[in-house]
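Chains as they are written, first to last, in the numbering used here: chain C, 1 to 290; chain R, 291 to 619; chain Z, 620 to 895.
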Amino acid sequence: MSTQSTRMAARFMVAPSVIVLFIWMIVPLAMTAYFSFRLYRLLSPDRTGWVGFNNYVWFFNSPDFWLALTNTLLLVGGVLVITVVLGILIALLLDQPVKGQGVLRILVIAPFFVMPPVAASIWENLFMHPQNGLFAAIARGFGAQPILFLENYPMPSVIGIVAWEWLPFATLIFVTALQSLSSEQLEAAEMDGASAFNRFRYIILPHLTRAITVVILIQTIFLLGIFGEIFTTTQGGPGSASTTLPYMIFKQAIVAKDIGRAAAGGIIAVILANIVAYFLMRGIGRHLDA
Amino acid sequence: MGKIQLRQVRKSFGDVHVIPGIDLDIEDGEFVVFVGPSGCGKSTLLRLIAGLEDTTSGVIEIDGNDATHLPPAKRGLAMVFQSYALYPHMTVRKNIAFPLKMAGMSPEEQEKRVERAAKVLNLTNYLDRRPGQLSGGQRQRVAIGRAIVREPAAFLFDEPLSNLDAALRVGMRQEISELHQSLKTTMIYVTHDQVEAMTMADKIVVLNAGNIEQVGSPLTLYHTPKNIFVAGFIGSPRMNLIEGPEAAKHNAHTIGIRPEHIGVGDGPWEGVVGLSEHLGSDSFIKVDVPGLGVINVRAAGELNVHHGDRIKLAPTGKIHRFDDKGLAL
Amino acid sequence: MARAASPRKQLITTLAAWSVALIIFFPVLWMILTSFKTEASAVASPPELLGADWTLDNYAEVWSRSDYPRFFWNSVVISVGSTLLGLAIAIPAAWSMAFVPGKRTKDLLMWMLSTKMMPAVAVMIPIYLLFQWLGIFDTRIGLILALMLMNLPIIIWMLYTYFKEIPGEILEAARMDGASLWNEIVYVLTPMAIPGIASTMLLNVILAWNEAFWTITLTTTKAAPLSAFIASFSAPQGLFYAKLSAASAMAILPILILGWFSQKQLVRGLTFGAVK
Ligand SMILES: Nc1ncnc2c1ncn2[C@@H]1O[C@H](COP(=O)(O)OP(=O)(O)O)[C@@H](O)[C@H]1O
Ligand SMILES: [Mg+2]
């Protein structure tokens with residue numbers, strides 16, 4: 001639906017975005033790749049040189065690496081499951097004719113406005129803190145021992161915090177999608193004798209396919225890089241129990257001050273992200289077609 | 291001036307050759323209608339002339355100048371779209387003035403021209419409304435207004451009436467015809483409705499699968515269709531096409547007789563009346579004649595035949611003859 | 620798909636919906652309540668609500684102890700600046716993809732989104748060095764650039780989905796009317812897409828406001844926004860719950876208020892334009 005000259009113009013107009021994004025991606029990536037083959041420790045700046053794959057080998061031999069990898073996938077997967085399931089349930093509830101829809105919606109969206117360090121510190125200090133947290137107070141009220149969330153259940157705690165931050169997004173998407181489902185369809189199904197569960201299973205759920213796709217796609221994009229919440233709460237601990245790949249790289253760079261190893265970790269993380277991205281785009285990207 | 295010439299114009303989308311090659315001359319001041327079934331490439335051809343699509347090859351000349359590679363804005367043409375394509379965020383006044391503003395005209399001159407166009411189109415009272423607050427017919431007029439203020443070399447219409455209801459359509463049809471009478475500007479009008487084509491055109495271009503089947507005045511097409519396609523497409527109800535022994539009697543592969551050229555009463559053909567429609571002014575009947583198939587008959591005035599009657603028919607007007615390739619003999 | 624329900628059922632669903640909403644909102648509410656308590660009252664066990672010592676001192680102290688207005692202003696400049704710059708680059712790109720789509724358009728869009736999947740930490744050192752080298756470390760310009768690039772794929776994607784709802788014929792009409800590409804975008808496309816652009820802006824201001832990795836990595840003092848302000852608060856002086864809550868409230872309230880006042884656009888924006 002266009003002429004040669006509009007197609008030329010189109011290329012010209014999309015070029016700035018492509019160029020800046022390409023530079024933003026490729027330059028740091030090239031530098032990281034370069035560092036990853038170098039000996040580069042801030043604590044011993046004189047000793048430099050090529051080290052081949054040593055930095056990578058260190059990563060793969062580190063027991064922390066496999067833990068971090070598992071934790072990363074656990075974090076992404078856990079948050080996705082929680083937000084999708086709870087999001088759908090809450091959306092079904094909010095979609096009912098209830099009083100005060102507007103206010104309800106504002107309350108539900110609120111966590112999305114809370115910046116990650118604040119969200120993490122609210123949960124860490126006001127709720128999960130073993131002495132002063134609200135959860136501890138509640139436990140004591142029941143005469144029980146306070147649960148040591150961040151010490152004993154670091155990953156579930158982090159997953160819970162991140163899920164709280166992303167629940168509004170998922171819920172909102174599902175509410176919006178539900179609104180476009182015609183009530184006639186549901187009524188027809190009811191006439192056909194479908195139970196509430198079957199109506200959900202065969203009509204509502206298929207209608208939400210695209211919405212679920214969007215939630216998974218967008219959240220994965222943001223979740224793969226989660227860092228601040230862990231930095232603020234568990235610092236990857238206790239030990240390495242809640243260390244994710246991004247956090248492990250951070251520790252190498254900032255704590256161990258070994259830029260070479262951090263870079264190798266960075267390259268590994270980028271490759272992993274690309275694998276995830278590839279499967280995500282292939283697998284569900286097609287649902288995005290209008 | 292608005293003389294438009296197409297020389298061997300072709301258009302393909304990838305492997306699909308939508309327009310395999312067209313030559314056409316449109317004279318200044320002519321009202322030309324492109325007519326043909328849906329999907330035959332009418333819009334594509336119009337968009338090629340407008341410059342909204344590139345030709346794959348061939349030359350488009352406007353007033354003798356090669357316009358093949360000119361952008362739409364430089365061709366001096368105005369287009370009225372099927373969806374009207376009004377700017378929803380602008381008032382009627384701003385919509386009509388938009389091309390003038392783009393041409394860098396002074397605000398006073400813009401205002402003068404908008405007022406004049408609004409008067410012609412009966413839009414004066416609606417100038418400050420948004421398109422969303424107008425009826426379909428009014429929107430149509432705004433779209434036309436936007437086209438006429440520029441005083442283009444030619445107007446291009448792409449099925450402009452297809453979104454209107456039947457009554458409004460007849461009215462707008464007449465308005466556009468009157469507009470052409472008074473402006474005397476070239477108009478190219480695309481439609482799939484042969485009634486619109488017959489009533490409005492100076493010259494009809496019948497398109498089929500991207501090819502021109504015939505070019506001519508409405509009555510030329512009616513009386514001397516070049517082939518079966520045109521014969522079948524022009525005229526309502528459709529021409530009766532008869533093959534076999536009956537055609538062979540006339541030394542043809544196929545013969546065609548228009549429904550209005552068949553008399554009821556006495557004659558060589560006998561059949562049973564199927565459907566019969568009585569409009570008072572006209573009567574339409576379908577007669578199942580053994581050996582010929584179903585024959586459509588149109589008679590002026592009332593005709594006292596009904597479903598199940600046996601009647602006799604005879605050709606009373608011209609019998610069109612076609613060879614085995616469908617070409618008129 | 621709202622349907623009529625019996626009064627009793629409606630009461631139950633209303634109660635359930637409100638309970639769920641309050642549970643989700645509660646952490647924010649509790650933080651705001653805590654920010655108005657004295658430090659002693661904030662950590663009292665059992666937790667105090669009605670009998671708490673209410674005070675505004677925490678805000679006063681946070682205000683006097685830190686340069687809140689500077690952090691606040693940096694946040695505003697960086698989030699609004701990066702969004703506007705992003706829009707300026709993204710609108711033409713989204714125009715191209717929505718109205719002159721090619722075989723590769725979908726792939727291009729997916730590639731752009733996938734650049735966001737690159738973990739920031741992985742390229743932290745190079746970006747840090749690059750920013751030092753370019754002289755934009757700890758400057759607002761630097762952060763505007765970084766956050767613009769971070770959010771650009773999202774901006775383009777959202778605009779693309781909004782633009783696709785606009786019939787191409789209207790832009791063609793503008794072309795016939797003699798509009799140049801620039802005029803077509805400025806006078807026709809942009810005004811028609813205002814609601815979508817507003818939603819996009821709003822969401823991106825929020826994303827930029829809440830960004831806490833690059834803002835902390837790429838600043839020290841001069842250009843530090845509220846995310847850095849809050850990080851500095853929980854670290855050195857030990858923990859004071861009420862003051863921490865007050866500081867947190869001061870960091871998130873501007874955006875919370877903005878969000879609540881522009882709920883309609885925001886809801887649209889929060890869905891990233893991806894669901895109707
Ligand atoms: N942009 C395009 N890409 C591919 N095929 C197209 C495009 N535009 C039109 N076509 C095809 O060209 C043929 C003619 O279309 P069109 O000119 O719109 O027909 P009409 O207006 O006569 O109904 C159709 O088969 C249509 O599918
Ligand atoms: Mg058409």
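C-beta atoms are modelled at their ideal positions from N, C-alpha and C, and glycine is treated no differently.
Annotation: the continuous alpha helix (DSSP H) that includes P117 (chain C) extends over P116 to S121. Residues G427 of the same chain have their beta carbon placed closer than 6 Å to that of L458 (chain R), with the five preceding and five following residues left out of the count.
Proximity of M820 (chain Z) to chain R, defined by a Cβ-Cβ separation below 9 Å, is not satisfied. Not one beta carbon of chain Z lies nearer than 9 Å to the beta carbon of Y153 (chain C). For T3 (chain C), the C-beta contacts it makes with chain R under 8 Å involve G341, L342, E343, D344 and P361, in order along the chain. Taking a cut-off of 8 Å on C-beta distances, the region 708 to 715 of chain Z does not touch the region 823 to 835 of chain Z, as fewer than three cross pairs fall below it. The beta carbon of P515 (chain R) sits closer than 6 Å to the beta carbons of A521 from its chain, once the five residues preceding and following it are set aside; these are given in chain order. Using a C-beta cut-off of 8 Å, the region 109 to 125 of chain C makes no contact with the region 72 to 86 of chain C, since fewer than three inter-stretch Cβ pairs fall below that distance. With a threshold of 9 Å between beta carbons, Q235 (chain C) makes no contact with chain Z.
Nearest C-alpha to F227 (chain C) among C:L39, C:D64, C:I218 and C:N71: C:N71.
As a beta-bridge residue in DSSP terms, D448 (chain R) pairs with R:V480. Straight across, the Cα-Cα distance linking V404 (chain R) with D455 (chain R) is about 27 Å. With its beta carbon less than 9 Å from one in chain R, P786 (chain Z) belongs to the interface.
Annotation: Cβ neighbours of G878 (chain Z) in chain C (cutoff 9 Å, chain order): I106, I109, A110, F112 and F113. The beta strand (DSSP E) runs of length 3 or more contained entirely in the region 469 to 536 of chain R are, from start to end of the chain, 476 to 481, 493 to 498, 501 to 506 and 530 to 533. Judged by their CB atoms, Q882 (chain Z) and I109 (chain C) are nearer to each other than the 9 Å cut-off. For E680 (chain Z), not one C-beta of chain C is nearer than 9 Å to its own C-beta.
In this structure, DSSP gives V577 (chain R) an extended state, which the three-state scheme calls strand. Contact check for A865 (chain Z) against I785 (chain Z) fails: the beta carbons are separated by 9 Å or more. Neighbours of P810 (chain Z) in chain R, taken as residues whose beta carbon is under 7 Å from its own, are H379 in chain order. In the DSSP assignment, the residues bridged to K301 (chain R) are R:I309.
I159 (chain C) has its alpha-carbon roughly 7 Å from the corresponding atom of G78 (chain C).
Between A812 (chain Z) and L778 (chain Z), the C-beta gap is smaller than 9 Å, which places the two residues in contact.
Counting C-beta atoms within 10 angstroms of its own C-beta, L619 (chain R) has fewer than 16 neighbours from the protein chains shown and is therefore classed as exposed.
The DSSP-derived three-state label of H379 (chain R) is coil. Contact between V584 (chain R) and V563 (chain R) fails: their C-beta atoms lie close to 11 Å from each other, not under 8 Å. Assignment of P361 (chain R) by DSSP, reduced to helix, strand and coil, places it in the coil class. For the region 792 to 809 of chain Z, residues whose beta-carbon sits nearer than 8 Å to a beta-carbon of chain R comprise A792, A793, R794, M795, D796, G797, A798, S799, N802, Y806 and V807. A distance filter of 5 Å between CB atoms and the heavy atoms of ligand 1 selects the following residues in sequence order: C:M1, R:F303, R:V308, R:S328, R:G329, R:C330, R:G331, R:K332, R:S333 and R:T334. Annotation: the continuous beta strand (DSSP E) that includes S566 (chain R) extends over I552 to H568. Within the DSSP secondary-structure output, S347 (chain R) pairs in a beta bridge with R:R300. In this structure S683 (chain Z) is exposed. Its beta-carbon is surrounded by fewer than 16 other beta-carbon atoms within 10 angstroms.
Closest by C-alpha distance to A262 (chain C), out of C:M155, C:S5, C:G239 and C:P246, is C:P246.
Given a length threshold of 3 residues, the region 193 to 275 of chain C has no whole run of the beta strand (DSSP E) inside it.
Between ligand 2 and the CB of D448 (chain R), the shortest heavy atom gap is smaller than 8 Å.
Contact between the region 312 to 327 of chain R and the region 468 to 481 of chain R is present: 3 or more CB-CB pairs across the two stretches fall below 8 Å.
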